[in-house]
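Everything on this sheet refers to the single structure shown next.
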Amino acid sequence: MIGIENITNHNGWAMAAVGATIVFSGLVVLSFVISQIHKLLKLWEDREKLIERFKKKAPAAVAEKVDAPAYSERHLPSVDELIGAYEPLADQLEESFNLSQLFEIAIKNDMPHPHLSIQRLQEADILVAQGDGTFTWNKQKESKA
Amino acid sequence: MIGIENITNHNGWAMAAVGATIVFSGLVVLSFVISQIHKLLKLWEDREKLIERFKKKAPAAVAEKVDAPAYSERHLPSVDELIGAYEPLADQLEESFNLSQLFEIAIKNDMPHPHLSIQRLQEADILVAQGDGTFTWNKQKESKA
Amino acid sequence: MIGIENITNHNGWAMAAVGATIVFSGLVVLSFVISQIHKLLKLWEDREKLIERFKKKAPAAVAEKVDAPAYSERHLPSVDELIGAYEPLADQLEESFNLSQLFEIAIKNDMPHPHLSIQRLQEADILVAQGDGTFTWNKQKESKA
Amino acid sequence: MFDLFFQFLTNTGYYLADYRHYIMIVVGSTFLYLGTAKKYEPLLLVPIGFGILVGNIPFFKGFGIGIYEANSVLHYLYFGVTTGVYPSIVFLGLGAMTDFSSLLAQPKLMLLGAAAQMGIYFTLLGAMFFGFAPREAASIAIIGGADGPTSIFLTAKLAPHLIGPIAIAAYSYMALIPVIQPPIMRLLTTRKERLIKMPPARNISKKELLIFPVAGVLLCCFLAPTALPLLGMLFLGNFLKECGVVNRLANTAQSAIVDTATIFLGFTVGCSTQADVFLTSKSLGIFFLGAVAFSIATASGLIFAKIMNLFLKDKINPLLGAAGVSAVPGSAREVHLMGLKEDPTNFLLMHGMACNSSGVIGSAICAGILWSFFV
Amino acid sequence: MFDLFFQFLTNTGYYLADYRHYIMIVVGSTFLYLGTAKKYEPLLLVPIGFGILVGNIPFFKGFGIGIYEANSVLHYLYFGVTTGVYPSIVFLGLGAMTDFSSLLAQPKLMLLGAAAQMGIYFTLLGAMFFGFAPREAASIAIIGGADGPTSIFLTAKLAPHLIGPIAIAAYSYMALIPVIQPPIMRLLTTRKERLIKMPPARNISKKELLIFPVAGVLLCCFLAPTALPLLGMLFLGNFLKECGVVNRLANTAQSAIVDTATIFLGFTVGCSTQADVFLTSKSLGIFFLGAVAFSIATASGLIFAKIMNLFLKDKINPLLGAAGVSAVPGSAREVHLMGLKEDPTNFLLMHGMACNSSGVIGSAICAGILWSFFV
Amino acid sequence: MFDLFFQFLTNTGYYLADYRHYIMIVVGSTFLYLGTAKKYEPLLLVPIGFGILVGNIPFFKGFGIGIYEANSVLHYLYFGVTTGVYPSIVFLGLGAMTDFSSLLAQPKLMLLGAAAQMGIYFTLLGAMFFGFAPREAASIAIIGGADGPTSIFLTAKLAPHLIGPIAIAAYSYMALIPVIQPPIMRLLTTRKERLIKMPPARNISKKELLIFPVAGVLLCCFLAPTALPLLGMLFLGNFLKECGVVNRLANTAQSAIVDTATIFLGFTVGCSTQADVFLTSKSLGIFFLGAVAFSIATASGLIFAKIMNLFLKDKINPLLGAAGVSAVPGSAREVHLMGLKEDPTNFLLMHGMACNSSGVIGSAICAGILWSFFV
Ligand code: NA
Ligand code: NA
Ligand code: NA
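Chains as they are written, first to last, in the numbering used here: chain A, 1 to 145; chain B, 146 to 290; chain C, 291 to 435; chain D, 436 to 810; chain E, 811 to 1185; chain F, 1186 to 1560.
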């Protein structure tokens, strides 16, 4: 079978029309939704700000520090102090190193609780993951810090 | 079955003889062909030179520039000028960078049609692909250029 | 079926008891064995030392040099001399290079039997494999050498 | 002895070859030349071209070496094509390499990605008009999606016997984008339109980039669940890339994984073009319809952009419509070059990429829709 | 025309979805949130979480897109789970990444890795008590091993229909280690015990590191040959790493190979949680028993450490017992942090890692033992 | 309780082991020692050696853990060996790593690669003389090709039950090249011959390097289409490397892809040496004939080189004949070292590599020829 007949008998017109309609509506919806995402995010953050008003602590921050227990707040030096203390150690290692290496060298130098300190430096993006398990010391960032 | 008999009954002599003959002839042919490749290439290039005599444009060159449309010839500065203009930009990036990065930085500096320029630098092997999508700025080459 | 009955009828008590016993005994044995490894190794090395007493040559050393034939001992300069001779060549290559590159450059400079020399430098860990087929020149090591 | 010798000779390619094998070998060499010397989409043309050579070395059926012979090595490697696994994996890598921020910055460009899919449905009608069976017609139509893996995936599901010609057509035209699109673009747009400049894209927050793949997979696949093998992987790859906590996985996905799939997908698709199954009148029809599909796709993108401009306050450059046919990143580059020609300070590349990526999503959805029509 | 349109609509996820799909989508999103924002074991939670989303997009059965439908792409990728190939490959990579020197330095810590496996056998009894069939009970019990690939491997062999819930339970609790373990650790140890310092580890010679994987594979697999698919690969990977002459193989094993297996294992296990097979009362029971298993495992490690101290001259810090449940490296980190809390100069990480790695070996042996009970 | 305990004990390796297992474990350890301490072809010996250990841990048949038991993990990994997929993939990587320029510079050296294949055909006769069935004899003969993947590929096609012994023999003798070849080389060459210096190779243009893989695959596979699974992949890999426009594919082929295939090929081949199937009189015969094959191959290469010298104006160093047995790069290195011994300024390595690579092509063709005899 061939020609218009082939199209009609196999419901071709319907397939074309329906198909076109659906892909269009689908992408229209998607484009609408993604155009709203940042507005929703803004609302959400405002909500957080409101909450902050009441209890002086950003939930986000809590999230960040979840595996650095509260007490560490009291005992740990500031990130800047940590940089001062740890950069010389990092310089003894190669460009990119494993945290364990940094950890051991920190112990050798009797740094106070190196584990949490290193964690802090990571959170502050001074130690940057290379994605292959190794880390580098982020000079630019540091200068800002 | 064993011994000569086993060989004879299973056509062993033939297999050995034929097999040896074929692998030999095969590699003889191959070695002859590859010994001719560079001669054929030479002929081909001479032919090109002849053609050049008539219309002053190397087909090869055309091939190279296929996706840099003709008009670019008129508007674009020479490769050396481009190097002068783009090296400082490249230096602002890391050792190996994505073309898009170079592209953006070129826009920031209002370079004229950076896209074609970058293309030129690639063709001139000043920008060398690292095979992982990133590129480096080839100092050696440049010194030659 | 449920409750104690289910456990009893399906031999649960036995499985738990036997399972626990076995994994325990297994790890006890393993931990005992690994605690002995270094002692065994020590015995072995002492044995080697004894043998040395008699014929003045460490089997270990032999093992190391297996593919650098004996004669090379006589003809080859010391590792330190080799470092002196090869470092300038290595510097002409990139940070990490293929041995073949170093080999070619050595030939260009008419080094005496570069193949064995490069082998020596490898055994002396001056040339360090990067695991991806490329090698780097180990400055630290060298300084010690 | 001589029997064996002659028996062997009659099994050599020299004895078995006929003109069709030589035609295909020329085709394969052309692919290699275009990919290598002309640098047309080498990642596609080189493996395919070499595959065409290998697939068209004449051999005695029954040895178990041909790609269509069970238990041959090529057959096992081809398995990833016939099951649709390779295309899915390529989409995983594609997602891990794609940066959707320019699309997120200007969502309305997504409509151009939708419009360019019209080429698919016109081609569907065209193919049926020329007498192709519905499932074949649908597989041919998807060529208009200008997306290799998508075409292979749908064809593997609806008309496996056409994988060879449809894949070759799709990839050839993707490589020929610089030849096909510019004339149509010039024809359908005025200089004034081509001069329109697009506003710079706003900055996209990390959170938006994170939410997009989740929203994308849910919205698209709720609409067309059959698009899941492609879009599920695409958005998975993109989430791995954007979430920033599994970089090692994202790196592997965008290097080792996608490269391996690319080599074996291209090579086996090339091998599948065995002369006897490939050189048919159907293939000719497919190549003709493929060209039509690409042209209509380009045209509908351009025209729809012009229609949008009737309603939009700040106009969009209609050239971008041509980038709606995915063909990453070829079509975006053509748009960009054409824009530069008119005004050397008009940079459309980033906007073009936005249309490209929505085109990829669009044609994957279309594949899902067409597939679901035939279940 | 409208028939087709409505037919299509009735096949969309919007039409087919029921509350269970939405529940699972919330679960999946939670996994992604925990993995991304909270950085809980992202390498596990991100692929699984995204897989849960993809697996719970409602679709019309029969298309061949669902993970449980033969010939679907997901089904082929899931094959590596049901056959146990992915877990073995993950163990290959794990071996190529693990440094056993701290374990070799203090072999007695290996007993803690054994003690922590008691959680498995108590849970076995518990599961049978609640009426699970023996093979199901064994699969649930292995959750106490706190080792994802091991749990998946055993479940694939004994109770394939429970792979989804058991894997999810195992991985969830591994991610929740920082929530589960600390209270138990505080409850079962005195401050005085937590202050115990461990001696620095002696240096390990290269030869010891070389002999260990050989001795390990022989001793463990002679005892429980059924542990071979896991331990054979683990020690192969470790030998490749330590022998130092095949670095290129070791590097590939610990990057491309293990990453690929991790992505597909996590993603397909996530997909396998299709609402209709996942949201059952059994799953609830499994999650409850899983929590019990983890707690008992932690407790038995701690208590056994205290018992050992009755006999040892130089005491070991009982906190290390909690690191005997593998859960690499989560549990070791918790032990370390708890030690630091009491005394900021008490570093238990390296010792914890030793217990971790013996815990991995221990639970692999247990998997072998349990499997062999049912042949 | 005690029943279960004893039942378990009777399933442990300790109970099931007999002297043959201990023999094989010693063999495996020897492989690991040679690979690690002596650095003999570690990339081959280490995975195989460890595989021999794992494959010879005694287990109760029926668990589904043995490599010959359907549905075991090892069985699935072994699938790539029995189908010939691993060897093909190794050849893909080999091609992406091989630089044919030294061969292109002196094509006549290719004849040495052909001559060295005579070892194969003499061994074929020898094996049949000792009563091996023709297909077995052909598989044994290919050991003379001194190329592991090629031997495994052909054996998988002709005599799968011999994969273990033939692979082990091939790899062992490849590792023992430094022991086998030198005496033969000294025996068959005069000092004067060993002192012959080869001219430096001319420079090869990029275009020649590009045309070679295309010409190679067409010429070789037209002659022996059955060599296609090996040579098609070899030349594909080489084209990816030389074309320079798909470096990312070439890089992945020569790292992740070939490493993965190497690990699993070596490991599973090692596992396939299960004592009960491996320790047979046939295996002894195979090892004896393998040694003969290697020696004859070396000898024929040397002798043919001397014959060539009768006709050539500028003589070639006959030592290079020994490099015609592929065994990349072992044999080339031996030739080089022997040359250096006679004259510390005579560098034959590059010329040796040329013979090596033509030896690889030669034995792949022979595999194709032998295979085609039995269809
Ligand atoms: Na598209
Ligand atoms: Na464990
Ligand atoms: Na050979």
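Virtual Cβ for every residue (Gly too), placed ideally from N, Cα, C. Model, not experiment: these values are computed from the prediction.
What is the DSSP secondary structure of residue i, reduced to helix, strand or coil?
i        : result
A129(A)  : strand
T426(C)  : strand
V1239(F) : helix
P993(E)  : helix
S1168(E) : helix
S1257(F) : coil
S1480(F) : helix
D1528(F) : coil
K627(D)  : helix
F393(C)  : helix
N6(A)    : helix
V763(D)  : coil
K1051(E) : helix
G838(E)  : helix
Y829(E)  : helix
M1(A)    : coil
I875(E)  : coil
P1410(F) : helix
E123(A)  : helix
Applying the 10 Å Cβ sphere with the 16-neighbour rule, what's the burial state of residue i?
i        : result
R74(A)   : Unreliable positioning characterises R74(A) in this predicted model, as indicated by a pLDDT of 41, which lies under 50. A coordinate reading is not provided.
A926(E)  : buried
V760(D)  : buried
P1328(F) : For clarity, residue 1328(F) is Ile in the given sequence; the question names Pro instead. So I1328(F) ends up on the buried side.
D225(B)  : exposed
V1145(E) : buried
Q991(E)  : buried
M984(E)  : buried
M146(B)  : exposed
Y521(D)  : buried
Y450(D)  : exposed
D1203(F) : exposed
Where DSSP assigns a beta bridge to residue i, which residues make up the other side?
i      : result
F97(A) : F135(A)
With a floor of 4 residues, list each alpha helix (DSSP H) that falls wholly inside the segment 1432 to 1470 of chain F, ordered by position along the chain.
-> 1432 to 1437, 1443 to 1456 and 1460 to 1463
Near-chain D residues of the segment 165 to 193 of chain B - C-beta to any C-beta below 9 Å = T166 and I167
Between the segment 1061 to 1076 of chain E and chain F, which residues of the former have a C-beta closer than 7 Å to a C-beta of the latter?
-> T1062, A1063, A1066 and I1067
Taking only beta carbons into account, state which residues of the segment 1220 to 1231 of chain F come closer than 8 Å to chain E, listed in chain order.
-> G1220, T1221, K1224, P1227, L1228 and V1231
Can you list the alpha helix (DSSP H) stretches of 4 or more residues lying completely in the segment 919 to 974 of chain E, in chain order?
-> 920 to 925, 928 to 939, 944 to 951 and 958 to 968, all fully within the segment 919 to 974 of chain E.
Just by C-beta distance, which residues in the segment 542 to 576 of chain D are closer than 9 Å to chain E?
-> none
Anything in the segment 264 to 275 of chain B with a Cβ closer than 9 Å to a Cβ of chain D? List those residues in chain order, please.
-> none
Report the residues of the segment 987 to 1021 of chain E with a CB closer than 9 Å to any CB of chain C, ordered along the chain.
-> Residues passing the 9 Å Cβ filter: R1012, I1014, S1015, K1017, E1018 and I1021.
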